[in-house]
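The structure under discussion appears below in the form of structure tokens.
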Amino acid sequence: MSTVDKNKKEEMIDLTAIWNKYKPFWWVFLISIIGCVGLSLLYLKIKSPVFLSKTLVMVNQEEEEGAGAVGGLGALMSSFSLGGGSGSNVEDEMYKMTSHTNMVAVIKHLELNKNYWSKPGIFDRKVWYYGNSPVRISIPDAVLDTISVSTKFKIDFPADGKEISIKVKQGKEGTIFKGKTDKMPYSVKTPYGTFTIDTTGYFVKGEELNFNAIVCSPDESIEDINERIAINQLSKKANAILVDLEDVNTKRAEDLLNTLVTFYNERAIADKNEQALSTSKFIEERLIQLYKDLEDAETKIEDYKSQNQIVDATAEAEYTFVRKERIEAGMLEMETQAAVLQMIKDFLNSPENKYNLVPFTTDFPEEPITAYNELVLQRLKLESTTKENNVALKSLTAQVDAMRKNVIATIDKQLQSTRIALADMRREASSAEKRMTGIPRMERELTALYRDQVIKNEIYGYLLQKREENQLTLMRNRPKGKVIDTAYTEIEPISPNKYVIPALGLILGVGGGFILSNLIESRRKRRNKKSTTSTEA
16 MSTVDKNKKE EMIDLTAIWN KYKPFWWVFL ISIIGCVGLS LLYLKIKSPV FLSKTLVMVN
76 QEEEEGAGAV GGLGALMSSF SLGGGSGSNV EDEMYKMTSH TNMVAVIKHL ELNKNYWSKP
136 GIFDRKVWYY GNSPVRISIP DAVLDTISVS TKFKIDFPAD GKEISIKVKQ GKEGTIFKGK
196 TDKMPYSVKT PYGTFTIDTT GYFVKGEELN FNAIVCSPDE SIEDINERIA INQLSKKANA
256 ILVDLEDVNT KRAEDLLNTL VTFYNERAIA DKNEQALSTS KFIEERLIQL YKDLEDAETK
316 IEDYKSQNQI VDATAEAEYT FVRKERIEAG MLEMETQAAV LQMIKDFLNS PENKYNLVPF
376 TTDFPEEPIT AYNELVLQRL KLESTTKENN VALKSLTAQV DAMRKNVIAT IDKQLQSTRI
436 ALADMRREAS SAEKRMTGIP RMERELTALY RDQVIKNEIY GYLLQKREEN QLTLMRNRPK
496 GKVIDTAYTE IEPISPNKYV IPALGLILGV GGGFILSNLI ESRRKRRNKK STTSTEA
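What follows is the structure, encoded as structure tokens:
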């Protein structure tokens with residue numbers, strides 16, 4: 016006989032031995048299986064099913080205006096990633112959508128920090144309420160924001176409506192109130208504030224109701240929601256965001272998802288408009304000043320022509336422009352760059368603009384101005400809702416000050432680079448001037464006057480273009496997140512699994528049968544041993 020055949024025979028003997036050993040205990044296995052499977056089915060009957068709700072949002076990738084900025088500003092804008100900004104970063108928008116601020120606003124709006132349910136019977140599922148609760152518990156918002164522990168209510172309404180039993184637990188302190196009343200509304204005073212209990216239009220008189228509620232702070236609700244919500248980008252190349260939420264109440268989950276997207280879009284539009292208004296104010300101020308400067312430049316040219324009796328300045332300067340075309344063009348570009356850089360630096364150094372948003376952010380995404388503006392915007396919002404000595408405000412102010420220094424340092428480096436390039440060009444211009452012995456002094460002076468006028472015209476035209484773009488930004492209130500699929504819920508619950516739970520019950524039933532059979536057999540052997548010992552004695 017081969018080794019394989021021998022092993023198969025031994026396995027057959029072992030299985031036969033096991034069958035013969037446990038066959039007399041078939042009734043134990045039957046009872047165990049029926050009991051465990053029955054308990055699993057009872058669990059399925061009692062346990063509230065959890066459903067998965069989803070919404071799909073497409074992040075709009077708006078290309079910013081400014082790629083065709085006028086004249087010599089093109090190089091400057093390229094060096095700072097200006098003029099033609101990239102679209103939104105999808106991951107950043109995901110963080111904004113599920114940010115703490117946005118979640119708190121949604122929770123307060125929908126009152127998701129209040130959970131209501133009833134338990135009709137011991138073998139019945141919980142009835143979860145949302146928007147149709149027969150009982151409502153109220154507390155002032157100012158008090159709710161300060162509560163650090165959850166408050167649990169158990170309210171029993173008898174069918175006759177008399178002697179309504181109220182039991183309140185708060186945090187780790189246990190039961191802090193227990194009493195009865197025969198009318199509503201009813202106020203319960205706790206160490207953290209006074210709660211008001213009242214019936215709603217959904218309350219049915221003459222029916223017994225075992226009502227339960229949990230009221231907690233928005234922060235505590237966020238922790239619970241974060242465990243059940245998921246937000247993902249469909250793919251690295253897609254701008255679509257999928258948000259899903261697990262909940263026992265499908266209407267509540269769908270409202271949360273829809274409101275989350277709505278509030279996200281409202282905040283995005285408000286932030287964009289606030290930035291555009293700040294930019295508009297700055298542009299208007301600069302346009303007024305530049306218009307005066309242009310008038311002064313034109314007056315100087317007119318006076319110079321009159322004093323020097325210049326009839327055709329273009330013809331007289333033609334030879335100079337031909338010889339110095341390349342150098343002058345480069346100097347004009349560099350001087351324009353330096354002027355715009357200095358304008359931004361002066362704005363940052365101005366005390367009155369210390370905590371104002373920096374304009375031209377649409378031409379300056381990401382680093383460094385966008386990050387600075389976002390930090391300033393956070394400070395402005397926090398400043399409007401807190402006192403001056405608020406710790407968070409002080410910390411945010413310090414961050415703004417530090418980041419302002421970094422931005423100014425970046426601009427200084429760019430200014431230094433521009434000035435070095437300009438100095439090189441001026442040296443080239445000086446070398447060319449030595450070869451221009453036949454050019455009159457007045458022609459050089461007139462060229463300088465023209466150059467000053469052109470620079471101011473360049474900046475003035477650029478600001479006019481930015482003003483139009485800014486007006487379009489204010490008028491265009493397209494949602495940042497376009498809803499592809501409004502919130503919907505899958506038909507089948509994700510838990511508990513109606514197939515897995517009974518299967519586990521069956522497995523436990525079989526395992527329990529083996530354990531109980533061994534216990535019975537062990538007990539029987541001990542009893543027989545005692546009987547044999549008594550007989551021998």
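Numbering (the numbering used here), first residue to last: 16 to 552.
Glycine included, every Cβ here is placed at the ideal spot set by N, Cα and C.
### Message
So the candidates are Ile33, Ala245 and Leu275; which of them puts its Cα closest to the Cα of Asn117?
### Response
Along the sequence shown, read from residue 1 onward, the residue named residue 117 stands at position 102. It is Leu275.
### Task
In angstroms with no decimal places, state the Cα-to-Cα distance between Ala157 and Pro383.
Within the sequence shown, residue 157 is the residue found at index 142, counting from 1. Within the sequence shown, residue 383 is the residue found at index 368, counting from 1. So the two alpha carbons sit approximately 38 Å from each other.
### Message
Which residue marks the beginning of the beta strand (DSSP E) containing Ser232, and which one marks its end?
### Response
Here residue 232 corresponds to residue number 217 of the sequence shown, with the count starting at 1. Counting along the chain, Ser232 falls outside any beta strand (DSSP E), and DSSP gives it neither H nor E.
### Continuous beta strand (DSSP E) stretch holding Thr211: start and end
Taking the sequence shown and counting its residues from 1, the one referred to as residue 211 is at position 196. Thr211 -> beta strand (DSSP E) spans Gly208 to Thr214.
### Query
In whole angstroms, what is the alpha-carbon distance linking Val72 and Glu281?
Walking along the sequence shown from the start, residue 72 turns up at place 57. Walking along the sequence shown from the start, residue 281 turns up at place 266. In this structure, the straight-line span from the alpha carbon of Val72 to that of Glu281 is close to 15 Å.
### Task
Please name the residue in Arg459, Ile244, Met358 and Leu411 whose C-alpha comes closest to that of Ile423.
As a first step, residue 423 must be located in the sequence shown, where it is residue number 408. Answer by Cα proximity: Met358.
### Among Arg482, Ala344 and Gln290, nearest to Leu392 - alpha-carbon criterion
Taking the sequence shown and counting its residues from 1, the one referred to as residue 392 is at position 377. Selected option, being the one with the closest Cα: Gln290.
### Task
Would you mind sorting Gln431 into buried or exposed? The rule is 16 or more other CB atoms within 10 Å of its CB.
If you number the sequence shown from 1, residue 431 lands on position 416. With a 10 Å radius around the Cβ and a threshold of 16 neighbouring Cβ atoms, Gln431 comes out exposed.
#### Entry: Whole-angstrom distance between Leu523 and Val142, CA atom to CA atom
As a working note, residue 142 is residue 127 in the sequence shown. As a working note, residue 523 is residue 508 in the sequence shown. Between Val142 and Leu523, the C-alpha separation is close to 30 Å.
### Task
Would you grab the beta carbon distance between Phe610 and Asn227 for me? Rounded to a whole angstrom, and I think it's under 8 Å.
Any question about residue 610 goes unanswered here, given that the chain covers just 16 to 552.
### Message
If contacts are defined as beta-carbon pairs under 8 Å, then Ser153 and Thr113 qualify, I think. What distance do you get, rounded to the angstrom?
### Response
Start at 1 with the first residue of the sequence shown, and residue 153 comes out as number 138. Start at 1 with the first residue of the sequence shown, and residue 113 comes out as number 98. Going by Cβ atoms, the distance from Ser153 to Thr113 rounds to 28 Å, so no, they are not a contact pair.
### Query
Can you pull the DSSP bridge partners for Val183?
If you number the sequence shown from 1, residue 183 lands on position 168. In DSSP, Val183 forms a bridge with Phe168 and Phe192.
### Task
Going by CA-CA distance only, name the one from Tyr503, Thr214 and Ala518 that's closest to Ser68.
Reading the sequence shown from its first residue, position 53 is the one you call residue 68. Among Tyr503, Thr214 and Ala518, the Cα nearest to that of Ser68 belongs to Tyr503.
### Task
Tell me where the beta strand (DSSP E) around Glu261 begins and ends.
Mapped onto the sequence shown, residue 261 falls at position 246. Run containing Glu261: Ala255 to Asp262, per the beta strand (DSSP E) assignment.
#### Entry: Check whether Asn492 and Ser295 have beta carbons under 8 Å apart
Taking the sequence shown and counting its residues from 1, one reaches residue 492 at position 477. Taking the sequence shown and counting its residues from 1, one reaches residue 295 at position 280. Going by C-beta atoms, Asn492 is not nearer than 8 Å to Ser295.
#### Entry: 8 Å CB neighbourhood of Ala90 in its chain, flanking five on each side removed
Along the sequence shown, one-based indexing puts residue 90 at 75. For Ala90, the predicted structure reports a pLDDT of 46, less than 50, and the residue's modelled location is therefore unreliable. A value from the coordinates is still provided. Same-chain partners within the cutoff: Glu348 and Gln352.
### Query
In three-state terms, what does DSSP make of Lys402?
Residue numbering aside, residue 402 sits at position 387 when the sequence shown is read from its first letter. Correct three-state label for Lys402: coil.
#### Entry: Residue from Phe172, Ile162 and Gln185 whose Cα sits closest to the Cα of Met199
Taking the sequence shown and counting its residues from 1, the one referred to as residue 199 is at position 184. When each option's Cα is compared against that of Met199, the closest is Phe172.
### Message
Residues in the same chain with beta-carbon distance under 6 Å from Asp213, minus the five sequence neighbours each way, listed in chain order, please.
### Response
As a working mapping, residue 213 is identified with position 198 in the sequence shown. Excluding sequence neighbours, Asp213 sits near Arg151, Met199 and Pro200.
### Task
With distances taken Cα to Cα, identify the nearest neighbour of Ala344 among Glu473, Val183, Arg542 and Val525.
The residue you call residue 344 lines up with position 329 of the sequence shown. Closest option to Ala344, Cα to Cα, is Glu473.
### Task
Enumerate in chain order the residues of its own chain whose CB-to-CB distance from Ile237 is below 6 Å, with the five nearest sequence positions on each side excluded.
On the sequence shown, position 222 is the one that residue 237 refers to. Once the five neighbours on either side are set aside, the close Cβ partners of Ile237 are Met118.
### Message
To the nearest angstrom, how far is the alpha carbon of Thr161 from that of Lys193?
### Response
Position 146 of the sequence shown, counting from 1, holds the residue named residue 161. Position 178 of the sequence shown, counting from 1, holds the residue named residue 193. Spanning the two alpha carbons is a distance of roughly 24 Å.
### Task
Please list, in chain order, all residues of the same chain as Asn247 whose beta carbon is under 6 Å from its beta carbon, the five residues on each side excluded.
Here residue 247 corresponds to residue number 232 of the sequence shown, with the count starting at 1. Taken in chain order, the residues that qualify are Leu257.
#### Entry: beta strand (DSSP E) segment containing Tyr201, residue limits
Start at 1 with the first residue of the sequence shown, and residue 201 comes out as number 186. Start and end: Tyr201 to Thr205.
### Message
Checking 8 Å against the spacing of the C-beta atoms, do Gly186 and Val164 come in under that value?
### Response
The residue labelled residue 186 in the question sits at position 171 within the sequence shown. The residue labelled residue 164 in the question sits at position 149 within the sequence shown. Yes, the Cβ-Cβ distance between Gly186 and Val164 is below 8 Å.
### Message
Tell me which residue opens and which closes the alpha helix (DSSP H) that Lys251 is part of.
### Response
The residue given as residue 251 occupies position 236 in the sequence shown. That residue, Lys251, is in no alpha helix (DSSP H); it is neither H nor E in DSSP.
### Query
So what's Ala285 in DSSP terms, helix, strand or just coil?
Reading the sequence shown from its first residue, position 270 is the one you call residue 285. In the displayed model, Ala285 falls within a helix according to three-state DSSP.
### Message
Do Val263 and Pro39 have their beta-carbon atoms positioned less than 8 Å apart in this structure?
### Response
If you number the sequence shown from 1, residue 39 lands on position 24. If you number the sequence shown from 1, residue 263 lands on position 248. No, these two residues do not count as a Cβ contact at 8 Å.
### Task
Rank Ala255, Thr385, Leu461 and Glu222 by C-alpha distance to the C-alpha of Lys497 and give the top, closest one.
Indexing the sequence shown from 1 puts residue 497 at position 482. Nearest option by C-alpha distance: Ala255.
### Query
For Asp197, which option in Leu271, Lys220 and Leu272 has the closest C-alpha, if you only look at C-alpha atoms?
In the sequence shown, residue 197 corresponds to position 182, counting from 1. Asp197 has its Cα closest to that of Lys220, out of Leu271, Lys220 and Leu272.
#### Entry: Counted within 10 angstroms of its Cβ, other Cβ atoms place Pro374 as buried (16 or more) or exposed
Here residue 374 refers to the residue found at position 359 when the sequence shown is read from its first residue. With 16 or more other Cβ atoms within 10 Å, it is buried.
### Message
At a cut-off of 7 Å, would you count Lys339 as near the ligand GTP, judging by its Cβ distance to the nearest heavy atom?
### Response
Absent from the structure shown: the ligand GTP. Ligands present: none.
### Query
Given Leu531, which residues of its chain have a CB within under 7 Å of its CB, disregarding the five upstream and five downstream residues?
Numbered from its first residue, the sequence shown carries residue 531 at position 516. So the list reads Val43 and Ser47, once near-sequence residues are dropped.
### Task
Would you check if the segment 510-517 and the segment 305-324 touch, i.e. whether three or more CB-CB distances between them fall below 8 Å?
no
### Message
Can you tell me whether Asn225 is helix, strand or coil according to DSSP?
### Response
Mapped onto the sequence shown, residue 225 falls at position 210. The answer is strand: DSSP assigns Asn225 an E or B state.
### Message
For a quick check, are the C-beta atoms of Leu437 and Glu350 less than 8 Å apart?
### Response
One-based indexing of the sequence shown puts residue 437 at position 422. One-based indexing of the sequence shown puts residue 350 at position 335. In contact: Leu437 and Glu350 (Cβ atoms closer than 8 Å).
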